[in-house]
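Peer 1: Starting off with a structure, shown below.
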Amino acid sequence: MAGLMSRHALPARHDPRSYDPEATVTLYLRHNGYQPPQRQGPQWTGTRLSTQVAVLAGRSLRAAFSDYRLVFFGLLQPIVLLLLFSQVFSALGTLPGVAEYQSYLNFLMPATMVNIALATAMSSGVGLLAEVYTGFVGRLRAMPVNLLAVLMARTVSDAVRLAVQLAVAVLAAVYLLDFQPPNAMGTIAAMLLCVVFGWGLSWIFVALATWQHKPEIMHAASFVVMFPLMFSSSAYMPVNSMPGWLQAVSKANPVTYAIDATRALALGKPVGSALAMAVLLIAGAALLGGAISARNFRRTR
Amino acid sequence: MHQPGRDVRIDVRSLGKSYGSVEALIDVTLNAKAGSVLAVLGHNGAGKSTLVDILATRSAPTSGEATVCGWDVTRFGRHIRRHIGMAGQFVGLDDSLSGRGNLILLARLLGASRKQAKERADELIALFDLTDAATRKVATYSGGMRRRLDLAASVLGRPDVLFLDEPSTGLDPMSRAALWWFIERLAADGTTVLLTTQYLEEADHLASDVVVLGAGRVVARGTPTQLKSSFGSRTATVTFADDTSMRRAIAVLGLAANPTADEARRTVTVPVTGAAGVTTLVRMLDAAGVFATDLTTAEPTLNDVYMTLHEHGWPAS
């Protein structure tokens, strides 16, 4: 390294091909006499997983709520869907299986809550892909950061976002559309279930995002998963009114259990085995998705 | 088990990396000591970024060994990542945050307290002349500003080893000069810097050692001076007032050397060796009665080294 030492021993201004470092400092860096910060402060070498998750989740939430247009349309979307579905299908309110809920809106609202949870879970995968594409995750790969923290932060921040969306959607349904939940506690429990459902399912979409890397494919695959799950469930029609084969599909559909449990909690009906099944499925989805995404989202290639 | 080294910060031995049938790195060996700047020079696709990715533990080698700060890259990535900084070819920032917000976030992830993170962010924002844009979202930054912020992020944790993958790309001349100044002082303060570059002048200016990569292999290595003396030669360029003088000079000098002429500028360039070479050149022109209007000499550059190696089909060192 003798070359380096001699290079540093000579002032750089003596190099005829060189810039004038002092002028550069004055003009550009504005730090005359600045000493490199390398050894002026502590060398940070990483922090705990919980801190990493909190810092990264906070960042995602700030990004999600920093653009008022994004917030506005994000909150408006479920309300518009609710308004459209409740008006278009209002005649279904007298059908057996629906009539007991007094109106189609009461029947539909819990399903809409699950629908919001599904859509938010879907966006977790797309959001993760966007982070990979910006190169931000690439930087984290060379830092003392546990990559599991990136995935956990993504799902946690989306769960918080989901809670806000659900609260606004329920309030809008109560005050604008005449949704009539019998008691607040049941509705809050239903919202909590939806948040947990959305969080569990977001791991499946995060796993999908770590498996393939094109946002277009991610969107297409997400819709292919989402629409059959919603329409083959008890979301919009009572299961008993469906054709035989669809009834079989519906009874095997995990979303049916989430909707039935949410509906029962929100409208003060007996929960039965739906809640236990829903929680079991959520735990299964979170474990499966978590294991797949942790395996795929490896640091090295 | 490898023990952390005290002097050699980067040690690469017979490193190989292949993606299927494509061999990105073949039998690469190099090392860098504390406080040195090692330049890895090569054209696009030579394997520079692959090498940096492996050393920064973002990618695993297929064969060979590599240690950073004494730790094996395949087994002790966690330890290595605590002591390195990296600025890749593609800027890795969060567009939705401000420049200051990005630095605070990354400092927090490195373990800084909120107060420490803010202080460090402000320090680097000022150093990289981003004060006016500190609170603006990075999405609104120009390419050069993004590059500067990325470089600031790479030194947030005061790393022992800094990997800079083509750091000058996208920088204006002033920013590049400032970057060079910064790298020089980092190295003087004990940081080991491995930088990849296609700017030959950059390697020449900054590096104590240069490794030239060609198609994944090390095709030359040494100090800039060694490389230039091995693969390049000092030249003298003589300018003439008219075409006749220039043609006579070509005829005279052609007897002793291999002159190249630039007819548009009326210049003739010949390789020379030391002061005697220039004297011989002047005497030959004087003896032939040829008058010159100007005479300049130039040291060989790494560009000469690079071109010579390329013309000779990447000879192994």
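In the order they appear, the protein sequences are chains D and W. The opening residue of the first sequence carries number 1 in UniProt numbering; numbering runs sequentially from there. The opening residue of the second sequence carries number 1 in UniProt numbering; numbering runs sequentially from there. Each residue gets a CB set at the ideal place from its N, CA and C atoms; glycine is no exception.
How close, in whole Å, do the beta carbons of W:R100 and W:A134 come, if the pair is a contact with beta carbons under 8 Å?
Peer 2: About 4 Å separates the two Cβ atoms, so the contact holds.
Peer 1: Do you know whose CA, among W:W181, W:R247, W:G92 and W:S113, lies nearest W:F128's CA?
Peer 2: Taking only the C-alpha atoms, the option nearest W:F128 is W:W181.
Peer 1: Nearest to D:L267 by alpha carbon, out of D:V88, D:G93, D:P110 and D:Q52?
Peer 2: That would be D:P110, whose Cα lies nearest to the Cα of D:L267.
Peer 1: Under the three-state reduction of DSSP, which class applies to W:F163: helix, strand or coil?
Peer 2: Looking at W:F163 - three-state DSSP - the assignment turns out to be strand.
Peer 1: Kindly indicate if chain W contains any beta-carbon less than 8 Å away from that of D:T47.
Peer 2: So, interface residue.
Peer 1: Under three-state DSSP, which class holds W:E23?
Peer 2: Note: W:E23 maps to strand in three-state DSSP.
Peer 1: Taking contact to mean at least 3 C-beta pairs separated by less than 8 Å, is the region 251 to 258 of chain D in contact with the region 157 to 170 of chain D?
Peer 2: No: fewer than three Cβ pairs fall under 8 Å.
Peer 1: If you follow the alpha helix (DSSP H) that D:Y141 is in, where does it begin and where does it stop?
Peer 2: The sequence given here places Arg at residue 141 of chain D; Tyr does not occur at that position. D:R141 -> alpha helix (DSSP H) spans F136 to R141.
Peer 1: Does chain D have any CB closer than 8 Å to the CB of W:V68?
Peer 2: Taking Cβ atoms only, chain D never reaches closer than 8 Å to W:V68, which makes this a no.
Peer 1: Just the chain D side, please: which residues come within less than 7 Å of W:S96 by C-beta, in chain order?
Peer 2: By Cβ distance, chain D contributes A63 and S66.
Peer 1: Let me know the secondary structure DSSP gives D:G93 once reduced to three states.
Peer 2: DSSP places D:G93 in helix when its eight states are reduced to three.
Peer 1: Have a look at D:L208 and D:N183 and give me their C-alpha separation to the nearest angstrom.
Peer 2: Answer to the nearest angstrom: the Cα atoms are 38 Å apart.
Peer 1: Counting along the chain, where does the beta strand (DSSP E) carrying W:S63 start and finish?
Peer 2: Counting along the chain, the beta strand (DSSP E) containing W:S63 begins and ends at S63 to V68.
Peer 1: Determine contact between the region 116 to 123 of chain D and the region 87 to 100 of chain D, defined as no fewer than three beta-carbon pairs at a distance below 8 Å.
Peer 2: The region 116 to 123 of chain D is not in contact with the region 87 to 100 of chain D.
Peer 1: If you draw a straight line from the alpha carbon of W:L103 to that of W:E119, how long is it in whole angstroms?
Peer 2: For W:L103 and W:E119, the distance between alpha carbons rounds to 10 Å.
Peer 1: Can you tell which of W:E23, W:I10, W:Y19 and W:L30 has its C-alpha closest to the C-alpha of W:V210?
Peer 2: Comparing Cα-Cα distances from W:V210 to each of W:E23, W:I10, W:Y19 and W:L30, the minimum goes to W:L30.
Peer 1: Which value, in whole angstroms, describes the spacing of the CA atoms of D:W211 and D:P228?
Peer 2: One C-alpha to the other measures close to 21 Å.
Peer 1: Given W:L149, which residues of its chain have a CB within under 8 Å of its CB, disregarding the five upstream and five downstream residues?
Peer 2: Answer for W:L149: V91, L93, G99, N102, L103, F128, L130, V138 and Y141, listed in chain order.
Peer 1: Who are the Cβ neighbours of W:A249 in its own chain at under 7 Å, not counting the five residues just before and after it?
Peer 2: Once the five neighbours on either side are set aside, the close Cβ partners of W:A249 are V238, F240, V268, L285 and V290.
Peer 1: Rounded C-beta distance between W:R81 and D:A142? I'm assuming under 8 Å.
Peer 2: At roughly 6 Å, the Cβ-Cβ gap stays under 8 Å, so W:R81 and D:A142 are in contact.
Peer 1: Tell me the rounded alpha-carbon separation between residue 318 of chain D and D:A248.
Peer 2: In this structure chain D extends from 1 to 301, so residue 318 of chain D is not present and cannot be described.
Peer 1: From W:A265 to W:T296, what does the alpha carbon distance come to, in whole angstroms?
Peer 2: For the record, residue 265 of chain W in the displayed sequence is Arg; it is not Ala. Their Cα atoms are separated by approximately 14 Å.
Peer 1: Using a Cβ cut-off of 8 Å, pull out every chain D residue sitting near W:G144, in sequence order please.
Peer 2: Here the premise fails: no neighbours, minimum Cβ distance about 11 Å.
Peer 1: Is D:W245 buried or exposed, if buried means 16 or more other CB atoms sit within 10 Å of its CB?
Peer 2: Label assigned to D:W245: exposed.
Peer 1: Just the C-alpha distance for D:A283 and W:L162, rounded to the nearest angstrom, thanks.
Peer 2: When rounded, the distance between both Cα atoms is 42 Å.
Peer 1: Got a sec: is the Cβ-Cβ distance from D:T134 to anything in chain C below 8 Å?
Peer 2: No chain C appears in the structure shown, which is made up of the protein chains D and W.
Peer 1: Is there a Cβ from chain D that is less than 8 Å from the Cβ of W:T57?
Peer 2: Closer than 8 Å to some Cβ of chain D, the Cβ of W:T57 qualifies, so yes.
Peer 1: Between the Cα of W:G277 and the Cα atoms of W:Q89, W:D72, W:G42 and W:S233, which residue gives the shortest distance?
Peer 2: Nearest option by C-alpha distance: W:S233.
Peer 1: By how many angstroms is the C-alpha of W:A203 removed from the C-alpha of W:L51?
Peer 2: Looking at the two C-alpha atoms, the distance is approximately 17 Å.
Peer 1: For D:P144, decide whether its Cβ has a neighbour in chain W, counting only Cβ atoms nearer than 8 Å.
Peer 2: Closer than 8 Å to some Cβ of chain W, the Cβ of D:P144 qualifies, so yes.
Peer 1: Should D:V55 be flagged as near chain W, meaning a C-beta pair shorter than 8 Å?
Peer 2: Yes, because at least one Cβ of chain W sits closer than 8 Å to the Cβ of D:V55.
Peer 1: For D:F179, I'd like the list of residues in its chain whose CB is within less than 6 Å of its CB, leaving aside the five on either flank, ordered along the chain.
Peer 2: These residues qualify, in order along the chain: L105, M109 and A173.
Peer 1: Can you give the Cα-Cα distance for W:D7 and W:R176, rounded to whole angstroms?
Peer 2: Straight-line Cα distance between these residues: approximately 29 Å.
Peer 1: Who are the Cβ neighbours of W:S168 in its own chain at under 7 Å, not counting the five residues just before and after it?
Peer 2: So the qualifying residues of the chain are R176, L179, T197, Y199 and E202.
Peer 1: Per DSSP, which one or two residues make a beta bridge with W:A220?
Peer 2: In DSSP, W:A220 forms a bridge with W:V212.
Peer 1: Measuring alpha carbon to alpha carbon, tell me which of D:A220, D:D67 and D:P215 ends up nearest D:V132.
Peer 2: D:V132 has its Cα closest to that of D:P215, out of D:A220, D:D67 and D:P215.
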